[in-house]
Structure formats: structure tokens, C-alpha cells
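Read through the structure below, which is laid out as C-alpha cells, and then see the notes.
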Amino acid sequence: MSIVFIVSAPSGSGKSTLVAKLLKMVDNLDFSISYTTRAPRRSEHNRKEYFFVSREEFEAMVAAGEFLEHADVFGNYYGTARRFLREAEVCGHDLLLDIDVQGASQIMQKIPDAVSIFILPPDWQTLESRLRNRGSDAEEVIRRRLDTARREIENYCKYDYILVNDLLEQSTDQLKDIVLAERLKEERGTDLSGVSDLSNEDLSEEERHVIETAQACRLEEARERVQPIVASFNPQLVKGS
Ligand code: 5GP
0 MSIVFIVSAP SGSGKSTLVA KLLKMVDNLD FSISYTTRAP RRSEHNRKEY FFVSREEFEA
60 MVAAGEFLEH ADVFGNYYGT ARRFLREAEV CGHDLLLDID VQGASQIMQK IPDAVSIFIL
120 PPDWQTLESR LRNRGSDAEE VIRRRLDTAR REIENYCKYD YILVNDLLEQ STDQLKDIVL
180 AERLKEERGT DLSGVSDLSN EDLSEEERHV IETAQACRLE EARERVQPIV ASFNPQLVKG
240 S
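Using numbering that gives the first Met the number 0, read the sequence shown as starting at 0 and increasing by one per residue.
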């Protein structure tokens, strides 16, 4: 069965770069190209980053039940087409969804075995400067994205894995190891959390490394490490946890 990986992050977290690198490194992992009603950015192409459609076209697809999930993000519609999951299943591939927290929670309900990963920027200041340096958005859009980031980060504890995108190479390796560890788990039919209980014959050195890296990113392991980051967005969140 295909594994569905959900990746969410506030915009400006470097998620698209991470995902692009991951897709080059891992075989048999398909990217679900979303439909959106937002206008393409200068560097984007129709059918590559997104299927860019009109609101009327999008609404017709909603009415025809063509979406696995859809949401209004920053005033535009975004949606994941069901056919991408069907196609991945036919090919025996896994599927990666780059979607926001609203879409993620719809998928978590529909596909409880989906593996969810939340990417955090190193802190508030870094996110703010990344959004400004992108130079593609107006001040009002940047403000809105920062406010949304603050709210989205409240949802980090609903995800299976937390990845702090500090050093790109390291974060890419961690993301790859999460995917590979989940595949191993599926193959072996175990949760792999007790990796130290498995004998050397059960796992190669490389597999053990993959599992340990992924394990360190699991929410329960990462919770303390990410508290200062979460606090830089909203100190209330940490006080209340
Ligand atoms: P952007 O406009 O910067 O490409 O994306 C804005 C947000 O929409 C990001 O958080 C991205 O993950 C999310 N997004 C992209 N595609 C989908 C989708 O199909 N469904 C949902 N719910 N969110 C999406």
C-alpha cells in the first residue's frame, strides 16, 4: 500500500526547497501537484508547481468530488486531487502532499495511517527575513503570511514528526530518513521505536542510522527542543503546554 506523507510548514520555512531536494534523492515517491486559484509566481509553471485554474474551474472540481481535501489559504483555493493517490497506488509509489494545516487535518481524518511532518523555521526572525528577502510579495502579503505562520505553528503538535529547517543539507537528510524509516516500518510491520531491541541481524548499520535519525524527529522526542522556537512565535503556546 502507498504511504501518504504530509508536509506542512508556514510559508518561508524553506519547505519547497526541502521537498524538491527530497524528491531527487528518493525513488518511487510521487509529488501531488495541487490545484490552486492563486496566480503563478514569476518562476512557476502550470502543471509543474501547481495546476493553476480559475475559481469556476476549481468549484466545478469540488462539486464533482475530485478533491481528497481542499482549503482556502490566503484567500485562494488549494486542493489535492484524488487521482494522484490512485495513480501512486497503481504504480506502487508513495505520495507526498505539500499542504497547509487545514488540508493536513482533513487528510489525517481520511487516511489515519498518513505520516505527517511539520517543518519549523529556526525562529521568528529568520522566517521574517526569509519572507522579506524573497522579494516576491507585497508588505501586506508578508504581514498576512507572518500572522498565518503564528497561527499555523499552534498545530505543530498534531504532526508525527517535527523538523527544524536550520541547515538545509542536514534537514534534507532528516526528511529523507523519515521517509526511509517509514518505508522500513511498513516492510517489517513494526513501529521501530524500540530500535535498540532489534539485533544486528535485523537491521544493517545504515538502516539503524536511518531509524535513529527519524526517531529523533518524532514529536515526543523533539518537543522540548522545539519549545524555544515555538515560543519565539507565541510564548503563550509554550506556557500552556
Ligand atoms: P504557496 O501559495 O506559498 O505556494 O502555498 C501556500 C500554502 O498553501 C502552503 O502552506 C502550501 O502548503 C499550501 N498548499 C499547497 N497546496 C495545497 C493543497 O492542495 N491543499 C492545501 N490544503 N494546502 C495547499
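Even glycine gets a Cβ: it sits at the ideal position worked out from N, Cα and C.
Owing to the predicted nature of the structure, the values given are computational and were not obtained by experimental measurement.
{"Check": "Residue 1 beta carbon less than 8 angstroms from that of residue 87", "Outcome": "yes"}
{"Check": "8 angstroms Cβ shell around residue 160 - same chain, five flanking residues per side excluded", "Outcome": "114, 115, 116, 117, 177, 213, 216, 217, 218, 221"}
{"Check": "Residue 44 classed as buried or exposed, judged by whether at least 16 other C-beta atoms fall within 10 angstroms", "Outcome": "exposed"}
{"Check": "Segment contact flag, the segment 23–42 with the segment 66–83, C-beta cutoff 8 angstroms, min 3 pairs", "Outcome": "yes"}
{"Check": "Proximity test, residue 16 beta-carbon vs the ligand 5GP heavy atom, cut-off 7 angstroms", "Outcome": "no"}
{"Check": "Closer than 7 angstroms: residue 72 CB and nearest the ligand 5GP heavy atom", "Outcome": "yes"}
{"Check": "Cut-off 8 angstroms between Cβ atoms - residues of its own chain near residue 133, not counting five sequence neighbours on either side", "Outcome": "11"}
{"Check": "Heavy atom of the ligand 5GP within 7 angstroms of residue 42 beta-carbon", "Outcome": "no"}
{"Check": "Touch test, the segment 60–73 against the segment 89–104, Cβ-Cβ under 8 angstroms, three pairs minimum", "Outcome": "yes"}
{"Check": "Straight-line gap, residue 5 to residue 27 (C-alpha atoms, nearest Å)", "Outcome": "16 angstroms"}
{"Check": "Beta strand (DSSP E) segments (min. 3 residues) lying fully within the segment 157–206", "Outcome": "160–163"}
{"Check": "Contained beta strand (DSSP E) runs [length at least 3] in the segment 16–78, N- to C-terminal order", "Outcome": "28–30, 33–35, 49–51, 66–72"}
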